[in-house]
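This report refers to the structure that appears directly beneath it.
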Amino acid sequence: MRASKAKSAAFYGPGHNFQPIWMSNVNCTGEEVELSACASSDWGDNQCSHREDASVICTNLSEDEGELRLMDGKDDNYGRVEIFHYNESHNGVWGSICKDGWGYDEARVVCNQLGFPYVALPFRIPYFGPGSGPIHLTNVACTGTEIYLPFCLQLHWGKNNCSHADVVGVECSDFQYGPTTFPAPIAEHTTALAGWLIAIIVISCLGICGMIVVFGAVLYFAKQGSSNVTSSQGQGYPTAATFSPGQPPMELPPSYTNAVASSFPAEKDPLDELKQKE
1 MRASKAKSAA
11 FYGPGHNFQP
21 IWMSNVNCTG
31 EEVELSACAS
41 SDWGDNQCSH
51 REDASVICTN
61 LSEDEGELRL
71 MDGKDDNYGR
81 VEIFHYNESH
91 NGVWGSICKD
101 GWGYDEARVV
111 CNQLGFPYVA
121 LPFRIPYFGP
131 GSGPIHLTNV
141 ACTGTEIYLP
151 FCLQLHWGKN
161 NCSHADVVGV
171 ECSDFQYGPT
181 TFPAPIAEHT
191 TALAGWLIAI
201 IVISCLGICG
211 MIVVFGAVLY
221 FAKQGSSNVT
231 SSQGQGYPTA
241 ATFSPGQPPM
251 ELPPSYTNAV
261 ASSFPAEKDP
271 LDELKQKE
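Following the UniProt record's numbering, the numbering of the sequence shown begins with 1 at its first residue and continues without gaps.
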């Protein structure tokens with residue numbers, strides 16, 4: 001049994017509040033036979049919280065067997081995934097992983113094994129170059145909870161028909177940028193966009209049609225009102241005559257004079273009214 005990875009910041013969860021934190025500033029050489037023999041602060045003398053609890057990953061695999069590294073990336077958090085394996089001749093050699101079965105869960109195990117809490121993106125293409133050497137694994141199937149990639153289900157080491165055009169990579173992160181799910185397929189986005197466009201077109205048409213109906217109604221009632229003002233013979237009420245300066249007034253036609261006279265009530269003679277009362 002050997003330690004393969006040291007973890008900090010309560011990687012497997014914090015301890016209980018009622019439990020004391022005995023050791024802090026532990027400094028070992030690796031030769032000690034027990035942890036209490038390492039240099040440290042006084043027992044129980046610390047300002048730590050359980051959010052800083054230390055963890056360790058142990059394995060009974062051969063020396064360096066199953067170790068991972070990321071190659072040909074600009075930073076240490078992304079690159080082509082390579083795994084160390086001892087072949088049948090017991091010669092240790094670094095090799096790649098084939099894309100068959102590679103996905104988010106497998107990339108998460110790789111990132112966690114390398115000390116990153118989150119995976120940003122798995123690559124199923126040789127984005128970081130094809131690499132060289134053998135292709136050790138293919139059809140890797142993880143649940144995402146494994147602490148070591150060789151613990152995932154897989155075919156036999158070195159048994160595959162893959163080429164270096166099929167090697168995988170990952171991008172790991174110390175931060176979770178969003179939901180740990182991939183974007184919906186383009187077809188789904190296209191369908192949703194088409195639905196929104198149809199809805200906008202329908203609403204716009206309804207608005208335009210409504211404006212046309214209202215405008216038509218206004219014109220209709222305005223026309224009805226103007227027709228009521230005119231007489232049944234199509235003639236309007238008489239209007240005042242106009243005269244040009246310096247010219248004598250024109251003689252009004254008899255029809256116009258009769259029309260004006262008929263528009264006023266006839267005057268009664270006061271003597272006739274007195275005779276009627278007598």
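Ideal Cβ placement from N, Cα and C applies to all residues, glycine included.
**Study point:** Cβ neighbours of VAL93 in the same chain (closer than 7 angstroms, five flanking residues each side left out)
**Key:** Looking up residue 93 in the sequence shown gives position 93. Counting only Cβ-Cβ distances below 7 angstroms, and skipping sequence neighbours, we find HIS85, ASN87, GLY133, PRO134.
Practice item. Return the Cβ separation of CYS98 and ASP166 in integer angstroms, given the expectation that the two are a contact with Cβ distance under 8 angstroms. Key: If you number the sequence shown from 1, residue 98 lands on position 98. If you number the sequence shown from 1, residue 166 lands on position 166. The Cβ separation is near 5 angstroms, so the contact holds.
**Study point:** Other residues of its chain near PRO20: CB distance less than 8 angstroms, five sequence neighbours each side excluded
**Key:** Numbered from 1 along the sequence shown, position 20 holds the residue referred to as residue 20. Contacts found: GLY44.
Check your understanding: Can you list, in chain order, the residues of its chain whose CB lies under 7 angstroms from that of PRO117, leaving out five sequence neighbours each side?
Key -> For the purposes of this step, residue 117 is taken as residue 117 along the sequence shown, with counting starting at 1. Only ASP174 meet the Cβ criterion.
Review point. VAL168 to TRP157, Cα distance in whole Å?
Key: By one-based count along the sequence shown, residue 168 stands at place 168. By one-based count along the sequence shown, residue 157 stands at place 157. For VAL168 and TRP157, the distance between alpha carbons rounds to 16 angstroms.
Practice item. Sort VAL170, GLU82, ASP100, SER40 by Cα distance to GLN154 and report the nearest one. Key: Here residue 154 corresponds to residue number 154 of the sequence shown, with the count starting at 1. Measuring from the Cα of GLN154, the nearest candidate turns out to be ASP100.
Point to revise | Rounded straight-line distance, which links the Cα of ILE208 to that of LEU121 | key: Residue mapping note: residue 121 aligns to position 121 of the sequence shown, counting from 1. Residue mapping note: residue 208 aligns to position 208 of the sequence shown, counting from 1. Cα to Cα, LEU121 sits roughly 47 angstroms from ILE208.
**Study point:** Under the three-state DSSP convention, the category ARG80 falls into
**Key:** Here residue 80 refers to the residue found at position 80 when the sequence shown is read from its first residue. Strand.
**Study point:** Distance between GLU106 and LYS7 (C-alpha atoms, nearest Å)
**Key:** One-based indexing of the sequence shown puts residue 7 at position 7. One-based indexing of the sequence shown puts residue 106 at position 106. Those two C-alpha atoms are separated by around 20 angstroms.
Review point. In or out: THR145 buried (at least 16 other Cβ within 10 Å) or exposed?
Key: As a working mapping, residue 145 is identified with position 145 in the sequence shown. Exposed: under 16 other Cβ atoms inside 10 Å.
Exercise for review: Classify THR138 as buried or exposed, calling it buried when 16 or more other Cβ atoms lie within 10 Å of its own Cβ.
Suggested key: What you label residue 138 is simply residue 138 of the sequence shown in a count that begins at 1. So THR138 counts as buried.
Exercise for review: Determine the burial state of LEU35: buried for a count of at least 16 other Cβ atoms within 10 Å of its Cβ, exposed for fewer.
Suggested key: Taking the sequence shown and counting its residues from 1, the one referred to as residue 35 is at position 35. By the 10 Å Cβ count, LEU35 comes out exposed.
Check your understanding: For PRO130, which residues of its own chain have a beta-carbon under 7 angstroms away from its beta-carbon, when the five flanking residues on both sides are left out?
Key -> In the sequence shown, residue 130 corresponds to position 130, counting from 1. Same-chain partners within the cutoff: HIS164, ALA165, VAL167.
Practice item. Look at the Cβ atom of PHE128, then the Cβ atom of GLY79, and state whether they are nearer than 7 angstroms. Key: Numbered from 1 along the sequence shown, position 128 holds the residue referred to as residue 128. Numbered from 1 along the sequence shown, position 79 holds the residue referred to as residue 79. Yes.
**Study point:** CB contact flag (VAL110, VAL140, <7 angstroms)
**Key:** Working through the sequence shown from its first residue, we reach residue 110 at position 110. Working through the sequence shown from its first residue, we reach residue 140 at position 140. Not closer than 7 angstroms, so no.
Practice item. Rank VAL33, CYS162, TYR148 by C-alpha distance to the C-alpha of ASP64 and give the top, closest one. Key: Position 64 of the sequence shown, counting from 1, holds the residue named residue 64. Comparing Cα-Cα distances from ASP64 to each of VAL33, CYS162, TYR148, the minimum goes to TYR148.
Exercise for review: Can you grab the Cα-Cα spacing for the pair GLY13 / CYS48, in whole Å?
Suggested key: Here the question's residue 13 lines up with position 13 in the sequence shown. Here the question's residue 48 lines up with position 48 in the sequence shown. Cα to Cα, GLY13 sits roughly 15 angstroms from CYS48.
Review point. Where does ARG124 fall in DSSP's three states?
Key: The residue you call residue 124 lines up with position 124 of the sequence shown. It is coil, neither helix nor strand.
Review point. Just the Cα atoms here: how many angstroms apart are ARG69 and ILE201?
Key: Indexing the sequence shown from 1 puts residue 69 at position 69. Indexing the sequence shown from 1 puts residue 201 at position 201. Cα-Cα distance, rounded: 54 angstroms.
Practice item. Along the alpha helix (DSSP H) that carries ARG108, what are the first and last residues, could you check? Key: For the purposes of this step, residue 108 is identified with residue 108 of the sequence shown, where counting begins at 1. 104-113 is the span of the alpha helix (DSSP H), which, as asked, contains ARG108.
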